[in-house]
Each structure stands twice: as structure tokens, then as C-alpha cells.
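Worksheet for the structure shown next.
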Amino acid sequence: MQSRKIEETQIPQGGDMAQIAMAVAAQQQKNMITLNKDLLPSKGKYYSNDLYVKKLSTIDIKNLSTLTGDTIDGVMNSIIAHCVQGINVNDILVGDKYWLVFYLRNLTYNDYPFYVKYNCKECGKVGMFKTQMKDINVNYIQDDFNPTYKMDNGDTIEIGFPTIGNEISVNQIKREPEKYTVDGAIDEQILNIACYIKTINGSRVSIMKAYNYICELDALSFTNFGNYMADIDFGIKPYFEIQCDCSNKVLVPLSLTPEYFMPKITNTANK
Ligand SMILES: [Zn+2]
62 MQSRKIEETQ IPQGGDMAQI AMAVAAQQQK NMITLNKDLL PSKGKYYSND
112 LYVKKLSTID IKNLSTLTGD TIDGVMNSII AHCVQGINVN DILVGDKYWL
162 VFYLRNLTYN DYPFYVKYNC KECGKVGMFK TQMKDINVNY IQDDFNPTYK
212 MDNGDTIEIG FPTIGNEISV NQIKREPEKY TVDGAIDEQI LNIACYIKTI
262 NGSRVSIMKA YNYICELDAL SFTNFGNYMA DIDFGIKPYF EIQCDCSNKV
312 LVPLSLTPEY FMPKITNTAN K
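For what it's worth, our numbering labels the leading residue of the sequence shown as 62, then goes sequentially.
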């Protein structure tokens, strides 16, 4: 929790990052702005407190620009812990995590554009597409989302969405499955689905208890539940959608490259 008091701000956050950045600059002493929770993929439905954000530090940027597959989770979590306040990082939903990383990058660089190369398979055009925060595609949580789910087998499940804390637990289980199962084998997909089950018929369950429950489900209950979960999930889509001149839609994967986190911004002061 934030120990010093953070004053309420009247900062517009409708997507105009330049405007936000100006407001941030005006409040440099405080260094924090209130996050408009409606922008999050979860729309902030699971966060009762206000959340505050600040720009990435030099160390955050350095860590982001040297990401590897092994460090990605740890780096992202520590950056969110550093730049998002008003909440324990373990309580942030995984569906909001990547959105927050892109948001912090764009907040830090005043939404400085990032160009991605695309290649249209329909007309053969090769072009560069300018991307900004508004171009990050988001699947939002359904407004009328109801966490109660009735299984085909008659059980009532309370659905929750996995948090960074759950993700850390899952990684621990994957690393040492023999501590959690008799035969030491773990199905990763089922383990991931297990994170969405908070209670079964009113009783709170651990991730492994939910995992074992899913493993023993009948095929119909499992298939319907899996499909339902896929429908209600939220987060950013891992690609840009680029409309080619020929009207074809080209998908280009989202970039977590060093250039994205350390853009070459022209420094006019030294010219
Ligand atoms: Zn085309």
C-alpha cells in the first residue's frame, strides 16, 4: 500500500496519451496519476481501491529492453510492482498485466509511435504501420459478467480470474510437480484453467484441488466449461490488426523488443 497520501487528479485518460503526459508533467512532484480503471481489460471490476501509475524508471527500461523468455515474468511483475500503486502486485489480474506494461511504456514516452513492418499476402504490399496505445487491441470483460457458473454435472462454480499471485503459484507447481501430485505429471493447460475456479458448491478450493476436480470431470462438463472460459476471458490480443490498402486485414504480433522500450527519439537539444 501507498504510505503517502496521493491527491485526486482530474487527468483525462480517454486515450489521448499526449494530454495525459502533459498532465503528468504538471504534477511532477507527485509523480503519480490516478489510473482510469475503465481502460483496463478487466475494467477494474476486481479492484476496490484506486490505482496509481507512474512512468518507468531508467532501471525498468533497461530491464524491459533486455527481456528473455526466462526473465519476462519476473521483469514484468517487478515493473508493475514499481509503477502501479494502490494494490499489491500479486492481486493484479493476469488479464490486465500485459496491457499495463504497454500502457506504462506509452505513458513514459508520451505515446511515441512504434512502427511495425507488415507484409500483405493478398496484394504483396510491404509497408510500415504506425502504432500507438490506441492500436493495442483489447478484449474487455463482459459488462454483465456473472461469476456463477452451473456445470453440466450440476455443480456450481464461482469463477474468478487468475492473478499474478496465482500465476506465481502455477509456475511453482510446474517447476516441482512431484510436490503436488502422486505421479509428478501435470497438464499445464488444465492447471491454467484451474486458476479460474474459486469455489465449488460454495467451498473455496486451492489451485491443485481445482486441478484434480477438472481432471475428474466428465467430457461434456469439461468441454462446455472450457469453451465458456474461452468466451469470457479478457486481456490484450497479442497482435496489431493492420488494414491494408487492398482492404485485407494483416495481423502482426505485438512487439516486446528493445526498440519498443527504448525508442530512438530525436533529441533536438543536441543538434
Ligand atoms: Zn494488401
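Every residue, glycine too, gets a C-beta built ideally from N, C-alpha and C.
Every value quoted in this text rests on a predicted model; they were computed, and no experiment measured them.
Just to confirm the assignment, what range does the alpha helix (DSSP H) spanning T119 have? T119 to L125
Can you tell me whether D204 sits near ligand 1, meaning its C-beta is under 7 Å from at least one heavy atom of the ligand? no
Once DSSP output is grouped into helix, strand and coil, what is the label at N180? strand
Exposure label - N92; buried when at least 16 CB within 10 Å: exposed
Could you give the DSSP three-state label for S164: helix, strand or coil? The sequence shown places Tyr at residue 164, not Ser. DSSP places Y164 in helix when its eight states are reduced to three.
Alpha helix (DSSP H) containing P319: first to last residue? P319 to F322
What runs of the beta strand (DSSP E), each 3 residues or longer, lie entirely inside the region 192-238? 209-211 and 217-220
Since K270 is in the alpha helix (DSSP H), which residue starts that stretch and which ends it? I268 to C276
Can you check DSSP and say which residues form a bridge with I261? I218 and S264
Terminal residues of the beta strand (DSSP E) in which V313 lies: K310 to P314
Could you compute how far the alpha carbon of K325 sits from the alpha carbon of Q233? 38 Å
Are the CB atoms of L112 and G147 nearer to each other than 8 Å? yes
Assuming the contact rule is C-beta atoms closer than 8 Å, I254 and I275 should be a hit. Round their C-beta distance to whole Å, please. 6 Å
What is the DSSP secondary structure of L101, reduced to helix, strand or coil? coil
Does ligand 1 have a heavy atom nearer than 7 Å to the CB of N92? no
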